Amino acid sequence: MSTVEPGPGAGHDGPPPEELLPAFRVTDVEETGDGELRYYGQPQTEYRRLEQQLWPLFREHGYEVRLDVVEDGDADPITGVPVTRTRQALVAEPRSVGVDGVPWTNIGMFVATLLTTLYAGSIWYYQPVEGPLDLLAGWPFALAVLGVLGVHELGHYVMSRYHDVEASLPYFIPVPTYIGTFGAVIKMRGRIPDRKALFDIGVAGPLAGLVAAVVVAVVGLSLEPIAVGESVLNSDDAVRIQFGYPPLLQLLAWATGEQLTYADPRLSASPVIFGAWVGLFVTFLNLIPVGQLDGGHIVRAMFGERARTIAALVPAALLSLAGYLYLFTDVSANAPFLWTFWGVVALGLAYVGPTTPVFDDPLDPKRKALGALTFLLGLLCFTPVPIEIIT
Numbered sequence: 002m003s004t005v006e007p008g009p010g011a012g013h014d015g016p017p018p019e020e021l022l023p024a025f026r027v028t029d030v031e032e033t034g035d036g037e038l039r040y041y042g043q044p045q046t047e048y049r050r051l052e053q054q055l056w057p058l059f060r061e062h063g064y065e066v067r068l069d070v071v072e073d074g075d076a077d078p079i080t081g082v083p084v085t086r087t088r089q090a091l092v093a094e095p096r097s098v099g100v101d102g103v104p105w106t107n108i109g110m111f112v113a114t115l116l117t118t119l120y121a122g123s124i125w126y127y128q129p130v131e132g133p134l135d136l137l138a139g140w141p142f143a144l145a146v147l148g149v150l151g152v153h154e155l156g157h158y159v160m161s162r163y164h165d166v167e168a169s170l171p172y173f174i175p176v177p178t179y180i181g182t183f184g185a186v187i188k189m190r191g192r193i194p195d196r197k198a199l200f201d202i203g204v205a206g207p208l209a210g211l212v213a214a215v216v217v218a219v220v221g222l223s224l225e226p227i228a229v230g231e232s233v234l235n236s237d238d239a240v241r242i243q244f245g246y247p248p249l250l251q252l253l254a255w256a257t258g259e260q261l262t263y264a265d266p267r268l269s270a271s272p273v274i275f276g277a278w279v280g281l282f283v284t285f286l287n288l289i290p291v292g293q294l295d296g297g298h299i300v301r302a303m304f305g306e307r308a309r310t311i312a313a314l315v316p317a318a319l320l321s322l323a324g325y326l327y328l329f330t331d332v333s334a335n336a337p338f339l340w341t342f343w344g345v346v347a348l349g350l351a352y353v354g355p356t357t358p359v360f361d362d363p364l365d366p367k368r369k370a371l372g373a374l375t376f377l378l379g380l381l382c383f384t385p386v387p388i389e390i391i392t
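In case it helps, my numbering puts the sequence shown at residues 2 to 392.
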């Protein structure tokens, strides 16, 4: 760690201390071994105005910046005892919009998710897994699910790059269940410049994923149903899974003249349709208007700070749905449990709050209209009882 006195010729790529005036008065600058810069001093204005004045300056020099309280100090020259002091500092970290090196974590999680979705697909194709090659029977399902989720996250990533916001590659989440995955996420490591960028990044994923899910659904509906083996039909241990198909999937089935269900128990719809179902369900969940979810980003961009009021109503709505299903219907317990779980998750997300852009100017009418349309499409992906597991 090295200390650099303010003034021309400082040995770093950050903005000169004098350029931070009048927003921030610098006393000294420190550069750490990992390229982080610390501008110690005193803010000369309130935090939001300070950020709006200095963030573009640091961004031009290739840094993300935040105001922080930093502890540092030196040993007492007489006693040798460390003396700690607390100071305010602008902490500037180097930006990296692209991909640095080989993303081994992303690759490893994708491979693991590929295996779990292949395993889930082999279940839907009624293929006993007695060896590694038996997993290949589930490739159409795995391709459908990973394709929809991948396109969803690609929408976020491309729009992040368009707005020059630092973001990671997708992290796929493997889970050895009937679905095979809990989706995928990307990490937003940089600040969002304004509401336009927040909206564009938030809306791109659901719309891209929705288009992919519709394509997968149409392909799945065109495929022949699969045969259910006699061993499954006659098994006392077999578990019956009943899907609640959302309005959009039912509309696609009607438009194509194809079936989602069959009266003959020996026939089952193609698992590719279930892959589309997963994509539509994930789209709805992501559009819940709370916190760091896509819906939270969109509603924050559309309504500003009023988004917190909307987010506060979401947990109550989800928990009320769970209570209604449990008390007034005869559906299996997994549906009320699902919405109870998401009600608790929404409560936590509402507490954390939404992303706040640096510049908080109102959104233009065209984007607001697109946001309303996106939420309407999200409702077409909703069904109160997505799945029932009947033993």
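Ideal Cβ positions, reconstructed from N, Cα and C, are used throughout, including at glycine. None of these values were measured; they are calculated from a predicted model.
Here DSSP, grouped into helix, strand and coil, assigns Ala308 to helix. A residue is called buried when at least 16 other Cβ atoms come within 10 angstroms of its Cβ; Val27 meets this threshold and is buried. Cβ-Cβ separation between Glu259 and Ser223: approximately 7 Å, consistent with a contact (criterion under 8 Å). Considering only Glu19, Tyr40, Ile289, the residue with the shortest C-alpha distance to Gly379 is Ile289. Residue burial annotation: Ala347 is buried, with at least 16 other C-beta atoms found within 10 angstroms of its C-beta. Residues of the same chain with a CB within less than 6 Å of the CB of Gln243, apart from the 5 flanking positions on each side, are Glu389 in chain order.
The beta carbons of Leu21 and Tyr48 sit about 14 Å from each other, so the pair does not count as a contact at 8 Å. Listed in chain order, the non-local C-beta contacts of Val166 below 8 Å within the same chain comprise Val98, Met189, Gly191, Arg192, Ile193, Pro194, Ala198, Ile202, local neighbours out to five positions each way being set aside. For Thr117, the enclosing alpha helix (DSSP H) stretches over residues 105 to 125. The alpha carbon of Thr87 has as its nearest neighbour, out of Asp69, Phe111, Ala93, Tyr172, the alpha carbon of Asp69.
Rounded to whole angstroms, the Cβ separation of Ser271 and Gly221 is 5 Å, and the two are in contact under 8 Å. Three or more Cβ pairs drawn from the stretch 113 to 125 and the stretch 137 to 147 lie within less than 8 Å of each other, which places the two stretches in contact. Going by DSSP, Tyr263 is part of no alpha helix (DSSP H) at all; its letter is neither H nor E.
Distance check between Ile108 and each of Pro57, Val146, Pro175, Phe200 places Pro175 closest, using alpha-carbon atoms only. Residue nearest to Arg307 within the set Val291, Ala317, Ala143, Leu319 is Val291 (criterion: CA-CA distance).
Your pair Pro44 and Phe25 checks out as a contact, with CB atoms roughly 6 Å apart and the cut at 8 Å.
The three-state secondary structure of Val27, taken from DSSP, is strand. Straight through space, the alpha carbons of Ala277 and Gln54 are spaced by roughly 46 Å.
In this structure, DSSP gives Gly42 an extended state, which the three-state scheme calls strand. With respect to the C-alpha of Leu211, the residue from Arg67, Pro385, Leu286, Gly132 having the closest C-alpha is Leu286. Spanning the alpha carbons of Phe304 and Arg267 requires a straight line of approximately 51 Å. The stretch 335 to 347 and the stretch 357 to 365 do not touch, with fewer than 3 CB-CB distances between them shorter than 8 Å. Within its own chain, the residues whose Cβ lies closer than 8 Å to the Cβ of Ala113, once the five positions on either side in sequence are excluded, are Phe173, Pro175, listed in chain order.
By the Cβ neighbour-count rule, Val103 is exposed, with fewer than 16 other Cβ atoms within 10 Å of its own. Asp295 is classed as buried because its beta carbon has at least 16 other beta carbons within 10 Å across all chains shown. Per the C-alpha coordinates, the member of Leu364, Asp29, Leu38, Leu374 positioned closest to Phe200 is Leu364.
In the DSSP assignment, Tyr172 falls within the unbroken beta strand (DSSP E) covering 172 to 175.
Within the same chain, Cβ atoms closer than 7 Å to the Cβ of Val233 are found at Tyr127, Ala239, the five residues on either side in sequence being excluded.
Within the stretch 308 to 389, the complete alpha helix (DSSP H) runs of at least 4 residues fall at 308 to 329, 335 to 353, 366 to 380.
Contact between Glu37 and Glu94 holds: their C-beta atoms lie close to 5 Å from each other, under 8 Å.
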